[in-house]
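>
2 protein chains.
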Amino acid sequence: MFLALLQAPAVAPHADTLAPVMLALAVILAAAKLGGDAAERIGQPAVLGELVVGVLIGNLSLVGIDWFQFIAANSTIEVLAQLGAVILLFEVGLESTVRDMLQVGARSLMVAVLGVVTPWALGWWVGALLLPEHSVYVHAFLGAVLTATSVGITARVLKDLGRSQSPEARIILGAAVIDDVLGLVVLAAVAAVIATADSGAALSYGALGLVLGKALLFLFGALSLGVVLSPWLFSFASRLRGSGVLLATALVFCFTLAWLASAIGLAPIVGAYAAGLILEDLHYRDFAKEERQLENLVRPISSFLVPVFFVLMGMRVDLTTLMRPDILGLAAALTVAAVLGKQACALGALGARLDWLSIGIGMIPRGVVRGERIIDAATYSAVVIMVMLTTLITPPALKWSLNKQKLR
Amino acid sequence: MFLALLQAPAVAPHADTLAPVMLALAVILAAAKLGGDAAERIGQPAVLGELVVGVLIGNLSLVGIDWFQFIAANSTIEVLAQLGAVILLFEVGLESTVRDMLQVGARSLMVAVLGVVTPWALGWWVGALLLPEHSVYVHAFLGAVLTATSVGITARVLKDLGRSQSPEARIILGAAVIDDVLGLVVLAAVAAVIATADSGAALSYGALGLVLGKALLFLFGALSLGVVLSPWLFSFASRLRGSGVLLATALVFCFTLAWLASAIGLAPIVGAYAAGLILEDLHYRDFAKEERQLENLVRPISSFLVPVFFVLMGMRVDLTTLMRPDILGLAAALTVAAVLGKQACALGALGARLDWLSIGIGMIPRGVVRGERIIDAATYSAVVIMVMLTTLITPPALKWSLNKQKLR
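Chains as they are written, first to last, in the working numbering: chain D, 1 to 408; chain G, 1001 to 1408.
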């Protein structure tokens, strides 16, 4: 009959999009804290509990309960989850500086390159071995699927365990950034190869170089310009009247870099991490003391949004894929290739007194890449199982290896 | 070609819904802080600056610049704005207790009833006078449009000026809650009358009673049950391991009540305010000291989301409506009726040493109610202008009256 607009909070009935989002947030936050508590009680990082509780409520429909299906289907919740990942990487970035990262830069590069090449080769080989009837494109694609580190899990485990300022954490996060650049180039290459095969034209190495060049330009441009501009920006902002100016300025900086990263095809979290690296306490010394603890201001926002990311990630795990014996063999082989492939990363850390095992384990989690056009549904399900397993293995494995290191 | 899912933050290209949201948030936060600074420099509450800067960027398309149109069109930003209003009223509610509200309850009821009856009568009269060719339904509807207080602006001004714990603030907020219940009943009544006129059936007073009963049951049920359950809930939560448990529990409580309110047809902010009233420091004394300052944990989330609400509200103001001389007369008459009508609220505060002028001014802002089925586009535009003017008048007027009171 009547529809109250945004400006009419005092007249019912109300816009119906807010209601499901609030209910979903209430369910997610309650589930996350209960899951996190259970995980910590058995000595695991809280994030494992958030993932598992997400798997549970996401798969309740298997026993006929579909109360929570609206959560995974809500597009605002999905954006909030992604914002959660952005805030998480920004927060982790705040704990280090650009200088810290440059110190481990060469090592991160080694880890990233080894962590892309080895799993790609292993995945290609697994594909050729188990799917001989498929084309070489499918084998190459299966290899490519194993290259991309999904760094959110590892960043969160390191944070849960208070280890995000260790050199190992910096090497992993730096390698994940480089991974993303390489992944961008690999994807562009695969797309170009297929377009070339379709059209019969010659493969354009120039276009590939452009993709790589833009990504590198962004990274170096953002870091070097950011380091120069950030003190000026915060000095300007410190003269603004009103409350919450420091937090707002930091969020503007974070969202702008994350948006720029995504605009050139990189992951938004790469931009957010870069923004966190750039910002240093020194830049906002002009703010009043009670405002000056940026980490304390970002933490409540991360407590609010980060669990949305991990619970939703758990909800996206579809347990029915595990009930398909025809694909479990391929899934197991891919998972082993994914795990072992990243252990080659450790070679990048040789020669230094570093916890190379934790670096290899920290690189294990993989993300899902849609590739239905290239691989069939069964093969795709095997990839999804590999993603599920690497996601769920990492928190306990990383906690174990970090503790082992501490005991030595 | 490939589409990276949520779980694949490390592989490009990425889901494209996050990017515009991040850019919009960066623009909104930057604009809000610049506008807030300008407002404070001329001695006005920051919220006026956020509204005006919203009006400016929302109407840049008038001079051919449509860079910011994507913000007002983004549905996630709209939900985030509404979440901002929910968090704002929760935060304001935290500053008072249920006991504080009961003390001003009778007075709030008086203020609310006078603030509904007088503007309704005035609006009806303005309609009958200026639009004699329209039906009595249109006149009644114009009156109804003037009843609903949009309390977000006033809550924010009181907060900007550090006055949200004054008795006047409590009376206004309590009256706004009762307003919302009355507004629900009025809307149900208007809908029932029209349905009755359409179908020829008798008006069902029973159905109206049910609407009122459900709303009252929610309010009294939520407040009395909440006061009993909240200490138990927080005592349980304090035994959960993991970080951010207090904030998460408080948000779960807030979102659940806000959702319940909207489920029975009330504004979500009514539920959020009730949640804030119910929670008391005592309830979470079991938490470690550094976690215990709930207000400090909620503030960064409100610094993040509340400006989204006000800048977007400003962006929704369409300045082209002001260029229609044919409707400016009606708009001016409605605005005067809206402003004067709520001054009758002051009668509800007579006999006590209260700042009755500030109470009347605090009730001025109105929301937009869609009623195209009943009134024509020109009349509707006049309503929109009335909403714009009452929204923009309130911050400076309220600041002026509160300061005047202080000087006496």
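C-beta: ideal position from N, C-alpha, C; glycine also.
The structure displayed is predicted, hence computed values, not measured ones.
Nearest by alpha-carbon distance to alanine 188 of chain D: which of D:Leu114, D:Glu168, D:Leu34, D:Leu266 is it?
Of the listed residues, the one whose Cα sits closest to alanine 188 of chain D is D:Leu266.
> Please report the residue range of the alpha helix (DSSP H) in which threonine 256 of chain D lies.
Here the alpha helix (DSSP H) through threonine 256 of chain D covers 245-263.
> Does DSSP classify threonine 147 of chain D as helix, strand or coil?
In the structure shown, threonine 147 of chain D sits in coil (DSSP, three-state: anything other than H, G, I, E or B).
> Which runs of the alpha helix (DSSP H) fall wholly inside the stretch 157-244 of chain D and span at least 4 residues, in chain order?
Runs found: 167-199, 205-237.
> By the three-class DSSP mapping on this structure, what secondary structure does arginine 324 of chain D have?
Three-state DSSP puts arginine 324 of chain D in coil, outside helix and strand.
> My guess is that leucine 1050 of chain G and valine 1317 of chain G are in contact by the Cβ rule of under 8 angstroms, so how many angstroms apart are they, rounded?
The sequence shown places glutamate at residue 1050 of chain G, rather than the leucine named in the question. No, glutamate 1050 of chain G and valine 1317 of chain G are not in contact; Cβ-Cβ is about 12 angstroms, not under 8 angstroms.
> At the 8 angstroms Cβ level, is serine 1199 of chain G part of the contact set with chain D, yes or no?
No, serine 1199 of chain G lies away from the interface with chain D (no Cβ there is under 8 angstroms from its Cβ).
> Pick from G:Ala1275, G:Pro1231, G:Asn1296, G:Gly1314: whose alpha carbon is nearest that of asparagine 1285 of chain G?
According to the sequence displayed, residue 1285 of chain G carries arginine and not asparagine. Per the Cα distances, G:Pro1231.
> With a threshold of 16 other CB atoms inside 10 Å of the CB of leucine 210 of chain D, please say whether the residue is buried or exposed.
Classification of leucine 210 of chain D: exposed, given that the 10 Å Cβ count is below 16.
> What is the DSSP secondary structure of arginine 1366 of chain G, counted as helix, strand or coil?
Arginine 1366 of chain G falls in the strand class under three-state DSSP.
> If you draw a straight line from the alpha carbon of glutamine 7 of chain D to that of methionine 1315 of chain G, how long is it in whole angstroms?
Low local confidence applies: a pLDDT of 33 at glutamine 7 of chain D is under 50, so the model's placement there is unreliable, with the coordinate-based value given in what follows. Glutamine 7 of chain D and methionine 1315 of chain G: Cα-Cα distance of roughly 11 angstroms.
> Less than 8 angstroms between CB atoms is the rule here; does isoleucine 1327 of chain G satisfy it with respect to chain D?
False, the Cβ-Cβ gap to chain D never drops below 8 angstroms.
> When you compare each of D:Leu25, D:Val104, D:Arg41 to arginine 1239 of chain G by their alpha carbons, which one comes out closest?
Of the candidates D:Leu25, D:Val104, D:Arg41, the one whose C-alpha sits nearest the C-alpha of arginine 1239 of chain G is D:Arg41.
> Give the straight-line distance between the Cα atoms of aspartate 376 of chain D and methionine 388 of chain D, rounded to the nearest whole angstrom.
When rounded, the distance between both Cα atoms is 19 angstroms.
> Report the neighbours of lysine 33 of chain D on chain G: residues whose CB is nearer than 9 angstroms to its CB, in chain order.
Within chain G, the residues near lysine 33 of chain D are Ala1237, Leu1240, Gly1242, Gly1244, Val1245, Ala1248, Thr1249, Val1252.
> Roughly how far, in whole angstroms, is the beta-carbon of isoleucine 153 of chain D from the beta-carbon of proline 395 of chain D, given that I think they are within contact range, below 8 angstroms?
About 7 angstroms separates the two Cβ atoms, so the contact holds.
> Take valine 1186 of chain G as the anchor and find which of G:Leu1146, G:Thr1335, G:Gly1054 has the nearest alpha-carbon.
For the residues G:Leu1146, G:Thr1335, G:Gly1054, the minimum Cα distance to valine 1186 of chain G belongs to G:Leu1146.
> How many Å lie between glutamine 1405 of chain G and aspartate 1355 of chain G at the Cα?
Each residue's alpha carbon lies about 7 angstroms from the other.
> Is isoleucine 1042 of chain G helix, strand or coil by DSSP?
Isoleucine 1042 of chain G: coil per DSSP, three-state reduction.
> Could you say which of D:Phe309, D:Pro300, D:Leu161, D:Ala112 lies nearest to leucine 182 of chain D if we only look at CA atoms?
When only C-alpha atoms are compared, the closest one is D:Ala112.
> Nearest to alanine 81 of chain D by alpha carbon, out of D:Val157, D:Phe309, D:Cys345?
When each option's Cα is compared against that of alanine 81 of chain D, the closest is D:Phe309.
> Counting only Cβ-Cβ distances shorter than 9 angstroms, please list the residues of the stretch 1081-1110 of chain G near chain D, keeping chain order.
From the stretch 1081-1110 of chain G, only Ala1081, Gln1082, Leu1083, Ala1085, Val1086, Leu1089 have a Cβ closer than 9 angstroms to chain D.
> What residue range is occupied by the uninterrupted alpha helix (DSSP H) comprising arginine 353 of chain D?
Careful: arginine 353 of chain D lies outside any alpha helix (DSSP H) and carries neither H nor E.
> On the criterion of 16 or more Cβ atoms from any shown chain inside 10 Å, does methionine 281 of chain D qualify as buried, or is it exposed?
As written in the sequence, residue 281 of chain D is aspartate, which differs from the methionine given in the question. The residue is exposed, with fewer than 16 neighbouring Cβ atoms inside 10 Å.
> Along chain G, in chain order, which residues have C-beta atoms closer than 8 angstroms to that of glutamate 40 of chain D?
Chain G residues near glutamate 40 of chain D: Arg1241, Gly1242.
> Nearest to leucine 1402 of chain G by alpha carbon, out of G:Ala1333, G:Gly1162, G:Val1252, G:Phe1070?
Minimum Cα distance to leucine 1402 of chain G is reached at G:Gly1162.
> What residue does the alpha helix (DSSP H) around glutamine 103 of chain D start on, and which one ends it?
Looking at the DSSP string, the run of the alpha helix (DSSP H) that includes glutamine 103 of chain D is 98-130.
> Just to confirm, are alanine 1397 of chain G and leucine 1334 of chain G a CB contact at a threshold of 8 angstroms?
No, these two residues do not count as a Cβ contact at 8 angstroms.
> Against isoleucine 301 of chain D, what residues of chain G qualify as contacts under a CB-to-CB distance less than 7 angstroms, listed in chain order?
The contacting residues are Pro1300, Ile1301, Phe1304.
> For serine 235 of chain D, which residues of its own chain have a beta-carbon under 6 angstroms away from its beta-carbon, when the five flanking residues on both sides are left out?
If we look at serine 235 of chain D and ignore the five residues flanking it on each side, its Cβ neighbours are Asp286.
> Does glycine 64 of chain D pass the burial test, meaning 16 or more other C-beta atoms within 10 Å, or should it be called exposed?
Result: exposed.
> Quick check: the Cα distance between isoleucine 58 of chain D and serine 262 of chain D, rounded to an integer number of angstroms?
In the sequence as presented, isoleucine is not what sits at residue 58 of chain D; that position holds glycine. C-alpha separation (whole angstroms): 28 angstroms.
> Report yes or no: is there a C-beta of chain D within less than 8 angstroms of the C-beta of threonine 1017 of chain G?
Chain D, which has a Cβ nearer than 8 angstroms to the Cβ of threonine 1017 of chain G, makes this yes.
> Report buried or exposed for arginine 1156 of chain G, applying the criterion of at least 16 other Cβ atoms within 10 angstroms of its Cβ.
Burial call: buried.
> Express the C-alpha separation of valine 339 of chain D and aspartate 180 of chain D in angstroms, rounding to a whole number.
Distance between the alpha carbons of aspartate 180 of chain D and valine 339 of chain D: 18 angstroms.
> Shorter than 8 angstroms from the beta carbon of leucine 297 of chain D to some beta carbon of chain G?
Chain G, which has a Cβ nearer than 8 angstroms to the Cβ of leucine 297 of chain D, makes this yes.
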